[in-house]
Every structure is written in structure tokens, then in C-alpha cells.
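K.L.:
Here the protein sequences line up with chains A and B, keeping their order. When we follow the numbering used here, the leftmost residue of the first sequence carries the number 4, and every step to the right adds one. When we follow the numbering used here, the leftmost residue of the second sequence carries the number 161, and every step to the right adds one. Every residue gets a Cβ at the ideal spot worked out from N, C-alpha and C, and that includes glycine. Owing to the predicted nature of the structure, the values given are computational and were not obtained by experimental measurement. Provided herewith is a single structure, encoded as C-alpha cells, for subsequent inquiry.
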Amino acid sequence: MAQHNLSTVVSFEIGRTLSKRRFWITTLIVPVIIGIVVALIVAANSSTDSSVASQKDQKFSFSYTDASGIVDPALVQKLGGREAASPTAAIAAVKNGTLDAYFSYPADPAKQATEVYGVDTGVFDNGKYKSVATQVLTLSAQEKVGDTTLTKLVQGDLPVDATTYDSGGRVSAGVAGVIPPLLFLAIFYVVILLLGNQMLTSTLEEKENRVTEMILTTLNPTTLIIGKVISLFVIGIVQMLVFALPVVIGYLFFRSSLNLPSFDLANLQLDPWQMIVGALLLIGGFTLFTGTLVAVGAIMPTAKEAGQIFGIMMALIFVPFYAVTLIVSDPSAFIVQVFTWFPYSAPVTGMLRNGFSSLSPVEAIGLIVEQFVLGIIVLRLAVRLFQYGSVEYSKKVSLSVLRSTRKA
Amino acid sequence: MDQGTTEPIVRIQNFRMDFGRTTVIHDLSFDIRAGETFGFLGSNGSGKTTTIRALLGIYQPTGGVLHIDGRPFSPEQGSRLGYLPEERGLYKKESVIDVMTYFGRLKGLGKAEAKSWSLEYLERVALADKATTRLDKLSGGQQQKVQLGVTIMNGPELLILDEPTKGFDPVNRRLLMDIIEEQKRAGATVLMVTHQMEEVERLCDRVILLKNGTAEAYGTIPEVQDQFGGTTVRLRYSGDIPASGKYEVTLRERNYAELAVMEGVDEAGILRDLIEAGLTVRGFETSKLSLDDIFLRVYGEAAGGHSSEAADGHHGEAAHGYSGEAA
């Protein structure tokens, strides 16, 4: 009967959510907004590309003075410029519109600013003066060096492939090894942010609608809550798939327009230990947060009052990011240890440290045990609060109520 | 719920319920036999809803035994129970048929069976055209009908109705009473909390009167009437009523009096004594105290408006259990 009722609860909860127009409107708003943003970026990028190209090719009259001696007059002439007789006259010509621009190169362009004066052609179009002034100096410098490779090296524009070895002499994965375990952290955030409010209000509905007594006499409260959590998870997956759709489309068809980096998934390195730890921290953290949110929902009389606690819970999953630099660079720091072991900041901190390989096996096992044990305790408490507290329809339930209703 | 055994279908023994430091039910014991209709009476705050919730496992009792069909209630028995709570409601954003089907399935019916039963019931209570309507779009009375349907789904053997007529108009109240009687004829045992004494006298085989968490009276209606003063003589007369150990004059007007008959005294003997004492007797009627009178006598002013559902005020009863008062 319990098994039958679990599937009944799950199908009822999923069915009534997915059949709601409001669910689809709120769910589709995200991909629609993403789609609009993508379209705008694509349009803006193509317009920027053409704008840059046109700026590059733009011809305008300019003059210059060069205190550094770097600028090549022949090059300037090719670009349509000429040397100015005097800075004052050149600036006056720009002011009265007979000259488009004047560049004043200082004695040491590396330390001193090059001054650019130009006729105003609009905020965006004015950029052409700076581009040409820089181009003149860069090309002149290249000519002086006489070798484009040397010029690139001087500019630091060079590819580097690094290989590092861990304590066991194995090649460490680098970023390619950090990304896969951090995916669990991303999933944790998405799940909690998407479903947290629904977890909180999942049992409030029974309370607010006075359904609790009817439900509790036909259904085990554990079955009801587990059924609700399962259905929330399924609904969350549906939402994630809907949200992911425009991202996948964007990556597959508009990668270059969106300036998305090209990932070669084959480069990603999956460390089995890190992946297992990440998965267990995700499940344990999910259990703890779910149990806590359901328990809060069982205590609070209305969604509005429960919402205040929800804000605190959400803050707790972002708090570790205030110390992310320390988490990555100095895991033994006191604040990192606090975040690592405080139950509600532990999932995020643990998954971050796991991703950056700074979580020792002992710490990982300790954290997983902490999350699962506390998660199960809190879930049981949530069931009990729902069972004995939710008939207090219009009141906030205190934990002392539970003590007073325990069997003598 | 085996009705063939001698074990009562509901057995409550030495039930005690504490909320914090306050004891709201003291050593309560009674039972309900299979097939009977049992009236659970009491003023607001006397402990009726608390007792039902403890019986159904919603509250954990502090002490005592609360059994349904020989064991503590568990939701697995819910398929044979019909419970209409005092604080009632359903999933308001869902359609009538979806909610009824859901509860039908929870009570052990198949999906198709639950749906067809629900449609049949809606037809009967003139709500067939509302099957796909959201519950919150129905009137209060229509929602009550749906709730009642959910309660009696799957032919429950034990019906627990906590103020079933609360919020019902006279037409729907009649319908409700018909359905209860129908369930009773089908063999259901009914435990009914109500403040409507006429309903109790008409429907109930036995009653219990609860006051401040203890039983003030318990038994069949005649037994309870006997317990509260037994017989009253309404006398129309001329002359002086003589003093007697056989009765007590509880009301004396110019030509009318009421005499409370002492236990075990024969009313005919009183009449004979009065005539022999020279009293001119123009009318001599004996009657038992009505349940309404008994209710007033037990609960006095505290019962304030007990026969009016509008004044029932049981939101307080449900809500103040934890503040130290009996629910």
C-alpha cells in the first residue's frame, strides 16, 4: 500500500504541476529571455564586427607631433596623416573643423599618455581616433624591431602548454580536472535555487488548505514527504532541460557569434575519487537542505512567514564565496575550516575544495557522513513536524510541542 | 475492521493528554461498538477534537490506550476509515475530479474505479457539471459536498464525523443526514461530534458527554437522561403542594409546578399522594430531560450557543490545544 501510495503521490504532484499553465509560463520565461539576449548579442556582435572593420578602414585627416622619434612619417602618410607645424595650430584646426584629428606623441609613450584631439563624431565613432593613434605607434615600433615574432614576444602574446605532476608523479589535470567535479556544485546551486522555494511550500499547501488531517489518515507522512521530494526533483530536471535548451542551441549553432569558447570534452579528466566525493556531497547536501526547508514549511503557518527563513538558507549557500580565494589557496585557514564544517555552508565549501583537490580523504569522508547523518535527522524531524505540527493550522509550531506530544 | 468480534471497533481506555504542563484529557475511557452511531458531545474546548486526533494518530497520547479494531490506528487502515475533520479543506487549485480521484487512489481504489465512483457521486449531489472545475471556484456548500464524497469513498467501515453539519445549509444538511443513514444501513459504525442535540436524539445509539477532558455522562440516551435527574413531573393544580421525600419542587408558579422525581420512586404513587393531600390536579405529565436541557445543565453558560453552529467557534478548539486549553 505504501509503495502504491508513493507512486500515487508522485504522479499526482508531478501531474498537477506540469499541467499548470503558470508553471510553463514561468519556466519558459527563462529560455525566452536567454533567447532574446542571445539574439541581441548576435546582432550586436555582427554590428560591432562591421563597425570595427569600418573604423579600421576609415580615412580621416589627421596630423601629429612626435617627441619620442618612434613614429615613421612614411607610415603616417600612408594612413592619410601628416606632421603638424605646431600643436597649438593643430588643436585650433581641430576645434574649427578644418582638421579631423591631432595626435601628440610624448617623449616616452610607454610611460606618458599620448594625447588625442578630434572632431566629435559620436560616443562610439570617436573611438577611431584612439585606434589610429595606437595603430600608428604600434606599426612604427614593429618597424623598428624589424621582426613580427619578436614584436609578439615582446607583447607577451605567446601560447604556453604547462605540464605539472602531483605527489605521485602523475600528470595533474589542471583546469580540465577541476571542471568535472565542480559540475556537482553547479547542479547543487541550480537545484536549490530552482526548487528551494517549492520545497519550502510543499507541505504548506496541505496546511494552508486544511488538508493535513485528511491526508494523515490515509497516508503515512514519510510517504507524502518523500513523494513530494521525488516529484520536486523530477520537476527540477524538467526545468533544467528547458533552461538548457537555448544554451545547447546557442553552443551548437551560434558559438562564434556568441564568442563561446570551444570545448573539447575529450580533454576533461574525470578523477573517480573526486567524482564520487562530489556526487555524495551533492546528494547529502540536497538531503540536508530539503529536510530543513520541508521542516521550516511544517512549522510556519503561511508561505510569507516561511519565506523569511528561506532567505537565510539561500544566503548560507552563497556565504562561502566571500572566502573563495582562501578556500582555493589556503584550505587550512580558520574561516575555511568553519565554512567546511558548518552544515549549511559545508556542501558548497566541500564541493569547491573537492574541485580544487584541497579536500583530504579524511575531510571528505567526514563531510559526507555529516551531511547524510544530519540530512536524515532533519528529514525525520521534518516528517515529525509535519505529522504533529501541521494540524496547528494558523500557528507557528514550536519544538516543545513535539516534546509534549511524545508518548509517555 | 472486523465487525464479527466482540471487541469494540473503537476502544479508548484511560486516555490522558497533556500539552506542556496542562492536562487537557484526564483518564477518559469509552468504547464504540460495531454498527452503532455514537455521539461525542461536549462544549467548545472540552477535548473532543483532541480525542479524535489522538485516536487517529495525529496526536501522540500522553497515556492510555486508543485502539481502532484492536490496535492503534495507522494510515494503512485509512482505506476503511472515513474521516470528516472539523478543520476541513482540499487541494483548492485542482479540479474536483482530480482531487477525488487522488483520494480514492490513496484509499486503495484503482484510478478508473476512483474516477467512476467520483463521477457517480457528483451526479448524485448535483455537481456533475463541476467535475472539471477547480475547487476554489465552488461555493462553500459545494466544497462541503465534495469533502463528504471523499470521506465516504470506498465504503468506510468507521465514519468519524467532526461536526459534519457545520457550514451546511438546511438542504445540504438533509443530504448529509441521508448519506450518513445510508452508510449506517450499509453497516458502518459512526462516531459523530455535533452540537445539534436533535440530531443526536434522532441518530445516536449511545453518547458521551465530555467536560474539561473528563466524561460527565456515558451510555444510551435514556441512561444519560436518567443520570441527569431522571423524570420530571409537570403539574397543573390548585391548592398547596405538600412536602414529600418522593420529589423535589424545582419550579412553583400560581397553578403550575415542576417536580423532580427521586430515583426509584413510582410516578403514579406521587399522583395518588397529591390527590390524597387534597390537591386539585388538572394536569400531570411526566417526561425525561431532553438532551438539550442536559447539555445546558452540564455546560451551563459556558456552552454559550451550543445549538447554533454559527456560534460554534471551533477554530479556537482546534487552535488552542497547545496554549494550555483543552481542544
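Helix, strand or coil for residue 428/B, going by three-state DSSP, please let me know.
P.N.:
If you number the second sequence from 1, residue 428/B lands on position 268. Helix at residue 428/B.
K.L.:
Our contact map puts residue 363/B next to residue 170/B with C-beta atoms below 8 angstroms; I'd like the distance itself, whole angstroms only.
P.N.:
On the second sequence, residue 363/B is found 203 positions in, with the first residue counted as 1. On the second sequence, residue 170/B is found 10 positions in, with the first residue counted as 1. So it is not a contact: roughly 17 angstroms between Cβ atoms.
K.L.:
Between residue 252/B and chain A, is any beta-carbon pair separated by less than 9 angstroms?
P.N.:
Numbered from 1 along the second sequence, position 92 holds the residue referred to as residue 252/B. Judged by the 9 angstroms Cβ criterion, residue 252/B is in contact with chain A.
K.L.:
Quick check on the burial criterion: 16 or more other C-beta atoms within 10 angstroms. Buried or exposed for residue 206/A?
P.N.:
Stepping through the first sequence from its first residue, residue 206/A is reached at position 203. Buried is the call here.
K.L.:
What does the Cβ neighbour count give for residue 337/A, buried or exposed, with the cut at 16 atoms within 10 Å?
P.N.:
Here residue 337/A is taken as the residue at index 334 of the first sequence, counted from 1. With fewer than 16 Cβ atoms within 10 Å of its Cβ, residue 337/A is classed as exposed.
K.L.:
My output table needs one value for residue 214/A: the three-state DSSP class, helix, strand or coil.
P.N.:
Your numbering for residue 214/A matches position 211 in the first sequence. Coil.
K.L.:
When you compare the CB of residue 12/A with every CB in chain B, is at least one pair closer than 9 angstroms?
P.N.:
Along the first sequence, read from residue 1 onward, the residue named residue 12/A stands at position 9. By this cut-off, residue 12/A is an interface position.
K.L.:
With a cut-off of 9 angstroms, does the C-beta of residue 426/A fall near any C-beta of chain B?
P.N.:
Only positions 4 to 411 of chain A appear in this structure, which leaves residue 426/A out of reach.
K.L.:
Count the other CB atoms within 10 Å of the CB of residue 371/B; is the residue buried (16 or more) or exposed (fewer)?
P.N.:
Taking the first residue of the second sequence as 1, we reach residue 371/B at position 211. When all chains shown are included, residue 371/B counts as buried.
K.L.:
Can you tell me whether residue 330/B is buried or exposed? The criterion is at least 16 other CB atoms within 10 Å of its CB, across all chains shown.
P.N.:
Taking the first residue of the second sequence as 1, we reach residue 330/B at position 170. Exposed, since its Cβ has fewer than 16 Cβ neighbours within 10 Å.
K.L.:
Could you check the C-alpha separation between residue 465/B and residue 206/B for me, to the nearest Å?
P.N.:
Position 305 of the second sequence holds residue 465/B. Position 46 of the second sequence holds residue 206/B. With a pLDDT of only 44 at residue 465/B, under the threshold of 50, the placement of this residue in the model should not be trusted, and no figure is reported.
K.L.:
Quick one: Cα of residue 369/B to Cα of residue 217/B, how far?
P.N.:
Locating residue 369/B in the second sequence gives position 209, counting from the first residue. Locating residue 217/B in the second sequence gives position 57, counting from the first residue. Distance between the alpha carbons of residue 369/B and residue 217/B: 22 angstroms.
K.L.:
Candidates 387/B, 176/B, 235/B, 230/B: which alpha carbon is nearest residue 211/B's?
P.N.:
Indexing the second sequence from 1 puts residue 211/B at position 51. Of 387/B, 176/B, 235/B, 230/B, the residue nearest in Cα terms is 176/B.
K.L.:
So, does the CB of residue 235/B fall closer than 9 angstroms to a CB anywhere in chain A?
P.N.:
Here residue 235/B corresponds to residue number 75 of the second sequence, with the count starting at 1. Interface residue, yes.
K.L.:
Given a cut-off of 9 angstroms, decide if residue 285/B and residue 321/B are closer than it, judged by their beta-carbon atoms.
P.N.:
Residue mapping note: residue 321/B aligns to position 161 of the second sequence, counting from 1. Residue mapping note: residue 285/B aligns to position 125 of the second sequence, counting from 1. In this structure, residue 285/B does not lie closer than 9 angstroms to residue 321/B by Cβ.
K.L.:
Please state whether DSSP places residue 410/A in a helix, a strand or coil.
P.N.:
Here residue 410/A corresponds to residue number 407 of the first sequence, with the count starting at 1. Only weak support exists for where residue 410/A lies, its pLDDT of 40 falling under 50; the coordinates are left without a value.
K.L.:
Is there a C-beta anywhere in chain B that falls below 9 angstroms from the one on residue 229/A?
P.N.:
Position 226 of the first sequence, counted from the start, is the residue given in the question as residue 229/A. It does not: the Cβ of residue 229/A has no partner Cβ on chain B nearer than 9 angstroms.
K.L.:
Measuring alpha carbon to alpha carbon, tell me which of 214/B, 197/B, 201/B, 172/B ends up nearest residue 220/A.
P.N.:
Position 217 of the first sequence, counted from the first residue, corresponds to residue 220/A. Considering only alpha carbons, the answer is 214/B.
K.L.:
Please list the segments of the alpha helix (DSSP H) lying wholly inside the stretch 163-248 of chain A, counting only runs of 4 or more residues, in order along the chain.
P.N.:
List check, alpha helix (DSSP H) in window: 178-205, 207-211, 215-219.
K.L.:
Name the DSSP bridge partner or partners of residue 173/B?
P.N.:
For this step, residue 173/B is matched to residue 13 along the second sequence. According to DSSP, which records beta bridges pairwise, residue 173/B is partnered with 225/B.
K.L.:
I'd like to know if residue 173/B contacts chain A, where contact means its C-beta is closer than 9 angstroms to some C-beta of that chain.
P.N.:
For this step, residue 173/B is matched to residue 13 along the second sequence. Not closer than 9 angstroms to any Cβ of chain A, the Cβ of residue 173/B fails to qualify, so no.
K.L.:
Between residue 22/A and residue 296/A, what straight-line distance do the alpha-carbon atoms span, to the nearest angstrom?
P.N.:
By one-based count along the first sequence, residue 22/A stands at place 19. By one-based count along the first sequence, residue 296/A stands at place 293. Taking the straight line from one Cα to the other gives about 25 angstroms.
K.L.:
Taking Cβ-Cβ distances shorter than 8 angstroms, what residues in chain B pair up with residue 222/A?
P.N.:
Taking the first residue of the first sequence as 1, we reach residue 222/A at position 219. Within chain B, the residues near residue 222/A are 235, 238, 266.
K.L.:
Under 9 angstroms, Cβ to Cβ, is there at least one residue of chain A near residue 198/B?
P.N.:
Numbered from 1 along the second sequence, position 38 holds the residue referred to as residue 198/B. Answer no: the Cβ-Cβ gap between residue 198/B and chain A never drops below 9 angstroms.
K.L.:
Where do the ends of the alpha helix (DSSP H) carrying residue 256/B lie?
P.N.:
Here the question's residue 256/B lines up with position 96 in the second sequence. Where residue 256/B is concerned, the enclosing alpha helix (DSSP H) stretches over 256-266.
K.L.:
Using beta carbons (cut-off 9 angstroms, strictly below), is residue 15/A in contact with chain B?
P.N.:
In the first sequence, counting from the first residue as 1, residue 15/A sits at position 12. It does; some Cβ of chain B falls within 9 angstroms.
K.L.:
For residue 197/A, tell me which candidate among 289/A, 371/A, 340/A has the shortest Cα-Cα distance.
P.N.:
Numbered from 1 along the first sequence, position 194 holds the residue referred to as residue 197/A. The residue with the shortest Cα to Cα distance from residue 197/A is 289/A.
K.L.:
If we call anything under 9 angstroms between Cβ atoms a contact, is residue 380/B one with residue 394/B?
P.N.:
As a working mapping, residue 380/B is identified with position 220 in the second sequence. As a working mapping, residue 394/B is identified with position 234 in the second sequence. No, these two residues do not count as a Cβ contact at 9 angstroms.
K.L.:
Residue 231/B: buried (16+ other C-beta within 10 angstroms of its C-beta) or exposed?
P.N.:
Within the second sequence, residue 231/B is the residue found at index 71, counting from 1. By the neighbour-count rule (16 or more Cβ atoms within 10 Å), residue 231/B is not buried but exposed.
K.L.:
Do you know whose CA, among 432/B, 409/B, 441/B, lies nearest residue 396/B's CA?
P.N.:
On the second sequence, position 236 is the one that residue 396/B refers to. Nearest option by C-alpha distance: 441/B.
K.L.:
For my contact list, residue 311/B and residue 238/B are in at a C-beta cut-off of 8 angstroms; report their separation, rounded to the angstrom.
P.N.:
What you label residue 311/B is simply residue 151 of the second sequence in a count that begins at 1. What you label residue 238/B is simply residue 78 of the second sequence in a count that begins at 1. Not really, about 11 angstroms apart at Cβ, beyond 8 angstroms.
K.L.:
Count Cβ pairs between the stretch 133-144 of chain A and the stretch 65-85 of chain A that sit closer than 8 angstroms; are there 3 or more?
P.N.:
A contact exists between the stretch 133-144 of chain A and the stretch 65-85 of chain A.
K.L.:
So if I threshold CB-CB distances at 9 angstroms, which residues from the stretch 186-215 of chain A count as touching chain B?
P.N.:
The residues in question are 208, 209, 211, 212, 213, 214, 215.
K.L.:
Can you give me, in chain order, the residues of the stretch 314-331 of chain B that have a beta carbon less than 7 angstroms from any beta carbon in chain A?
P.N.:
Of all residues in the stretch 314-331 of chain B, none has a Cβ within less than 7 angstroms of some Cβ in chain A.
K.L.:
Looking at the unbroken alpha helix (DSSP H) that takes in residue 311/B, where does it start and where does it end?
P.N.:
As a working note, residue 311/B is residue 151 in the second sequence. Per DSSP, residue 311/B belongs to the alpha helix (DSSP H) from 300-312.
K.L.:
Rounded to whole angstroms, what's the CA-CA distance from residue 447/B to residue 215/A? Just pull it up for me.
P.N.:
Translated into positions along the second sequence, residue 447/B becomes position 287. Translated into positions along the first sequence, residue 215/A becomes position 212. Spanning the two alpha carbons is a distance of roughly 45 angstroms.
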